[in-house]
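Q:
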Amino acid sequence: MAEQTPYDVVIIGGGPGGYNAAIRAGQLGLKVACVDKRGVLGGTCLNVGCMPSKALLHASELYASAAGPEFAHLGIEVAPKLNLPQMMKQKDESVAALTKGVEFLLKKNKADYVKGAGRIAEPGKVEVTGENGAVTTLETKNIVIATGSEPTPLPGVTVDQKRIVDSTGALSLPEVPKSMLIIGAGIIGLELGSVWRRLGAEVTVIEFLDRITPGMDEETAKTFQRSLTKQGFKFRLGSKVTGAKAGKSGVELTVEPVKGGEAETLTGDYVLVAIGRRPYTEGLGLESVGVTPDKRGMIETDHFKTSAPGVWAIGDCIEGPMLAHKAEEDAVACIELIAGKAGHVVYNLVPSVVYTAPEVAWVGKTEEELKAAGAQYKAGKFPFTANSRARINHETEGFVKVLADAKTDAILGVHLIGPQVSEMIGEYCVAMAFTAASEDIARTCHPHPTRSEALRQAAMGVEGWTMQA
Ligand SMILES: Cc1cc2nc3c(=O)[nH]c(=O)nc-3n(C[C@H](O)[C@H](O)[C@H](O)COP(=O)(O)OP(=O)(O)OC[C@H]3O[C@@H](n4cnc5c(N)ncnc54)[C@H](O)[C@@H]3O)c2cc1C
């Protein structure tokens, strides 16, 4: 048999890191293969993460609007009936279409898709074990590890995906819980909590810290918590879960105040464990190339290079925010470096979004970070109550906050909470990528009437000339 030419790059993992790396490698004329063991491409994001959660957030938001006072106030009188199996079916169909789309993109860019579990056998060799157990060896000049992450387990609370679920289980519950206990007030817990709350569940969130959504600007987080509380969320902050007992029809959780005090028992139909995610590198054969993950399980890299020559790593399994668009940034930069180009990621410009209602979106530094760094900054703030489009649509919760350097006026951080702000944060990402001053936004014409006018009015506020509030 004729010997195969080795690959330029073999990527292990077909999530947003891996598949975008494969596409970019194909575009740059590299011979590339993407190995994934899930059976479908798209990784966590498409299969059990970003996309199915957004499908349920969209559907449940419409349901809540129709079932609550919102539609009636608009003069639309309906009595919606929930068809949960159909809601799940449309989610699954959209996910299937998206994963097929990724397969098409790989083909279009001449990237081979190899189904199976990849293991680094030695430098330049990846062994792939297919579903039928057959092993093939791929020879390659470069290996890119893009194996992603998995939910972090909580000692004493065993996920059975029946009564005690992780995010994957919470995306496919067979019924609307009467009561749901969520461990962890991070983005994933609050998004999935929103889905089930809107469909009728009593939701209680138990959080170790004395605040929700760590990493979010504190003022924004407080506004966000108030809004969720208005929607019926209950919060137990500063509380730790020490044990769980799952029965046929529910779960008992033992909860203790972090600062000491009486333990108590909370009961719920279902428990969602959402305390974070950890890198996933099981069975990858890292030892064969002498790479040891750090104590959090992350692969240490320098510009995506691991300590082993020709072995690179990107996405959730390396340092940085565990986000799909960050994995995509890593992917492009890593492949461009492999191709001899200049690849670079500015992590300060990776935005974060919570897709609840109201949505929360931010980029750059929080006020707390600026204060801790002793930075001199000015803030401009504009509430959606003063934005005409938000007002006319009865979506007035939230604000835009722009933080800019007191001397140079360079934009340092932007924090949005309000209607569909996920679609608005990109403007500030672009502005900051071009090292814009807040005045650049303040003096740029924005269309009327749009919510985006709030972005401009807040920027005007940095110099104290907000006009519409
Ligand atoms: C519920 C939920 C909601 C989320 N929502 C968002 C959101 O709205 N926006 C956002 O940006 N991010 C979101 N995320 C995070 C996002 O999904 C991840 O940041 C992203 O998927 C990371 O991409 P990745 O390519 O690094 O890894 P992954 O997407 O985890 O992909 C890794 C792939 O590698 C495969 N693999 C692992 N080991 C091997 C092996 N040895 N051989 C072959 N294949 C292997 C896995 O099967 C997997 O398919 C969400 C996550 C969850 C759980």
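Just so you know, we're using this note's numbering here: the sequence shown kicks off at 17 and counts up by one. Note that beta-carbon positions come from the ideal geometry of N, C-alpha and C, so glycine has one too. Remember, predicted model here, so these are calculated numbers, not experimental data.
#1: Alpha carbon to alpha carbon, how far is aspartate 108 from glutamate 138? Give it in angstroms, no decimals.
#2: Determine the DSSP secondary structure at methionine 17, reduced to helix, strand or coil.
#3: Using only the heavy atoms of ligand 3, determine whether one of them is closer than 6 angstroms to the beta carbon of aspartate 332.
#4: For a quick check, are the C-beta atoms of isoleucine 354 and cysteine 333 less than 7 angstroms apart?
#5: Looking only at its chain, what residues have a beta carbon closer than 6 angstroms to the beta carbon of aspartate 226, apart from the 5 residues adjacent to it on each side?
#6: So does threonine 229 have its beta carbon nearer than 6 angstroms to some heavy atom of ligand 1?
#7: To the nearest angstrom, how far is it from the Cα of leucine 57 to the Cα of arginine 40?
#8: Return the Cβ separation of lysine 381 and lysine 397 in integer angstroms, given the expectation that the two are a contact with Cβ distance under 8 angstroms.
#9: Thinking C-beta only, is arginine 467 closer than 7 angstroms to alanine 406?
#10: Can you find a heavy atom of ligand 1 that lies under 6 angstroms from the Cβ of arginine 213?
#11: Assuming glycine 292 and glycine 200 are in contact, meaning their beta carbons sit under 8 angstroms apart, how far apart are those beta carbons, in whole angstroms?
#12: So the alpha helix (DSSP H) histidine 74 belongs to, where does it begin and stop?
#13: Mark glycine 473 as exposed unless 16 or more other C-beta atoms lie within 10 angstroms of its C-beta, in which case mark it buried.
#14: In this structure, what does DSSP give as the bridge partners for methionine 104?
#15: Report the partner residues of glycine 434 according to the DSSP bridge assignment.
#16: Serine 304: which of Ile433, Thr482, Leu339 and Ile136 sits nearest, CA to CA?
#17: Give a single yes or no on whether glycine 29 has its beta carbon closer than 6 angstroms to a heavy atom of ligand 1.
#18: Mind checking whether the beta-carbon of serine 110 lies closer than 6 angstroms to any heavy atom of ligand 1?
#19: Would the beta-carbon of cysteine 61 fall within 7 angstroms of that of glycine 30?
#20: Proline 325 lies in the beta strand (DSSP E); which residues open and close that run?
#21: I'd like the list of long-range same chain contacts for valine 437, defined as Cβ closer than 6 angstroms, with 5 residues on each side in sequence excluded.
#22: Is there contact between the segment 75–82 and the segment 211–224, where contact requires at least three CB pairs shorter than 8 angstroms?
#23: Going by the C-beta, is histidine 341 closer than 6 angstroms to any heavy atom of ligand 1?
#24: Count the other CB atoms, across all protein chains shown, that sit within 10 Å of the CB of alanine 420; report buried if there are 16 or more and exposed otherwise.
#25: In whole angstroms, what separates the C-alpha of glutamate 155 from that of valine 130?
#26: Relative to ligand 1, is the shortest distance from any of its heavy atoms to the C-beta of valine 151 smaller than 6 angstroms?
#27: Measuring CA to CA, which of Lys47, Phe251 and Thr174 is closest to glutamate 223?
#28: Rounded to the nearest angstrom, what separates valine 13 and histidine 74 at their Cα positions?
#29: Out of Ser76, Leu121, Ala113 and Asn125, which has the shortest C-alpha to C-alpha gap to proline 101?
#30: Suppose contacts are defined by Cβ-Cβ distances below 7 angstroms. Is alanine 347 in contact with asparagine 148 by that definition?
#31: Assuming arginine 179 and tyrosine 296 make a contact with CB atoms under 8 angstroms, what is their CB distance in whole Å?
#32: Just to check, is the beta-carbon of proline 32 closer than 6 angstroms to a non-hydrogen atom of ligand 1?
#33: Can you tell me the Cα-Cα spacing of proline 193 and glutamate 218, whole angstroms?
#34: Is arginine 54 near ligand 1, with its Cβ less than 6 angstroms from a heavy atom?
#35: CB-CB under 6 angstroms to lysine 256, same chain, minus the five flanking residues each way: which ones, in chain order?
#36: Mapping DSSP to helix, strand and coil, what is alanine 88?
A: Taking the structure as given:
#1: Here residue 138 corresponds to residue number 122 of the sequence shown, with the count starting at 1. Here residue 108 corresponds to residue number 92 of the sequence shown, with the count starting at 1. The alpha-carbon atoms of glutamate 138 and aspartate 108 are separated by roughly 38 angstroms.
#2: Stepping through the sequence shown from its first residue, residue 17 is reached at position 1. In this prediction, methionine 17 scores a pLDDT of 45, lower than 50, which makes its location untrustworthy; the coordinate-derived value is nonetheless stated afterwards. In the displayed model, methionine 17 falls within coil according to three-state DSSP, outside both helix and strand.
#3: Judged by which ligands are present, ligand 3 is missing from the structure shown, whose ligands are ligand 1.
#4: One-based indexing of the sequence shown puts residue 354 at position 338. One-based indexing of the sequence shown puts residue 333 at position 317. Going by beta carbons, isoleucine 354 and cysteine 333 fall outside the 7 angstroms limit.
#5: Locating residue 226 in the sequence shown gives position 210, where the first residue counts as 1. Once the five neighbours on either side are set aside, the close Cβ partners of aspartate 226 are Leu253 and Gly254.
#6: Along the sequence shown, read from residue 1 onward, the residue named residue 229 stands at position 213. No - ligand 1 has no heavy atom lying nearer than 6 angstroms to the Cβ of threonine 229.
#7: Looking up residue 57 in the sequence shown gives position 41. Looking up residue 40 in the sequence shown gives position 24. Taking the straight line joining both Cα atoms gives about 16 angstroms.
#8: One-based indexing of the sequence shown puts residue 381 at position 365. One-based indexing of the sequence shown puts residue 397 at position 381. For a cut-off of 8 angstroms, the C-beta gap from lysine 381 to lysine 397 is around 16 angstroms, too long to register as a contact.
#9: Counting from one through the sequence shown, the residue named residue 406 turns up at place 390. Counting from one through the sequence shown, the residue named residue 467 turns up at place 451. Cβ atoms of alanine 406 and arginine 467: closer than 7 angstroms.
#10: For the purposes of this step, residue 213 is identified with residue 197 of the sequence shown, where counting begins at 1. No, ligand 1 has no heavy atom inside 6 angstroms of this Cβ.
#11: Taking the first residue of the sequence shown as 1, we reach residue 292 at position 276. Taking the first residue of the sequence shown as 1, we reach residue 200 at position 184. Rounded, the Cβ-Cβ distance is 7 angstroms, consistent with contact.
#12: As a first step, residue 74 must be located in the sequence shown, where it is residue number 58. It spans 66–83 - the alpha helix (DSSP H) in which histidine 74 sits, taken as one unbroken run.
#13: Here residue 473 is taken as the residue at index 457 of the sequence shown, counted from 1. Reading the sequence as shown, one finds glutamine at residue 473 and not glycine. When all chains shown are included, glutamine 473 counts as buried.
#14: The residue you call residue 104 lines up with position 88 of the sequence shown. The partner list for methionine 104 (beta bridge, DSSP) is empty, contrary to what the question assumes.
#15: Along the sequence shown, one-based indexing puts residue 434 at 418. Under the DSSP definition of a beta bridge, glycine 434 partners with Glu375.
#16: Locating residue 304 in the sequence shown gives position 288, where the first residue counts as 1. When the alpha-carbon of serine 304 is set against those of Ile433, Thr482, Leu339 and Ile136, the nearest one is in Ile136.
#17: As a first step, residue 29 must be located in the sequence shown, where it is residue number 13. Glycine 29: yes, Cβ under 6 angstroms from ligand 1.
#18: Along the sequence shown, one-based indexing puts residue 110 at 94. Flag unset: Cβ of serine 110 not near ligand 1.
#19: Residue mapping note: residue 61 aligns to position 45 of the sequence shown, counting from 1. Residue mapping note: residue 30 aligns to position 14 of the sequence shown, counting from 1. In this structure, cysteine 61 lies away from glycine 30, with their beta-carbon atoms at least 7 angstroms apart.
#20: Taking the first residue of the sequence shown as position 1, residue 325 is located at position 309. Element bounds for proline 325: n/a, residue is neither H nor E.
#21: Indexing the sequence shown from 1 puts residue 437 at position 421. Result list for valine 437: Glu375 and Ala377, in chain order.
#22: At 8 angstroms Cβ cutoff, the stretches touch.
#23: Here residue 341 refers to the residue found at position 325 of the sequence shown. Yes, Cβ of histidine 341 sits closer than 6 angstroms to a heavy atom of ligand 1.
#24: As a working mapping, residue 420 is identified with position 404 in the sequence shown. Result: buried.
#25: Sequence index remark: in the sequence shown, residue 155 carries index 139 (1-based). Sequence index remark: in the sequence shown, residue 130 carries index 114 (1-based). Their backbone Cα atoms lie some 13 angstroms apart in a straight line.
#26: Locating residue 151 in the sequence shown gives position 135, where the first residue counts as 1. False, no ligand heavy atom lies under 6 angstroms from that Cβ.
#27: The sequence position of residue 223 within the sequence shown is 207, counting from 1. The residue with the shortest Cα to Cα distance from glutamate 223 is Phe251.
#28: Coverage of the chain is limited to positions 17 through 485, which leaves residue 13 absent and any answer about it impossible.
#29: In the sequence shown, the residue the question calls residue 101 occupies position 85. With distances taken between Cα atoms, proline 101 lies closest to Ser76.
#30: Within the sequence shown, numbered from 1, the residue matching residue 347 stands at position 331. Within the sequence shown, numbered from 1, the residue matching residue 148 stands at position 132. No; because the gap between Cβ atoms is not below 7 angstroms, this pair is not in contact.
#31: Walking along the sequence shown from the start, residue 179 turns up at place 163. Walking along the sequence shown from the start, residue 296 turns up at place 280. No, arginine 179 and tyrosine 296 are not in contact; Cβ-Cβ is about 24 angstroms, not under 8 angstroms.
#32: Here residue 32 refers to the residue found at position 16 of the sequence shown. Checking the Cβ of proline 32 against ligand 1 gives yes.
#33: For this step, residue 193 is matched to residue 177 along the sequence shown. For this step, residue 218 is matched to residue 202 along the sequence shown. Going by the C-alpha atoms only, they are around 8 angstroms apart.
#34: Start at 1 with the first residue of the sequence shown, and residue 54 comes out as number 38. At least one heavy atom of ligand 1 lies less than 6 angstroms from the C-beta of arginine 54.
#35: Mapped onto the sequence shown, residue 256 falls at position 240. Exclusion of the five residues before and after lysine 256 leaves Phe224, Glu272 and Val274 as the residues of its chain whose Cβ lies within less than 6 angstroms of its Cβ.
#36: Along the sequence shown, read from residue 1 onward, the residue named residue 88 stands at position 72. Helix.
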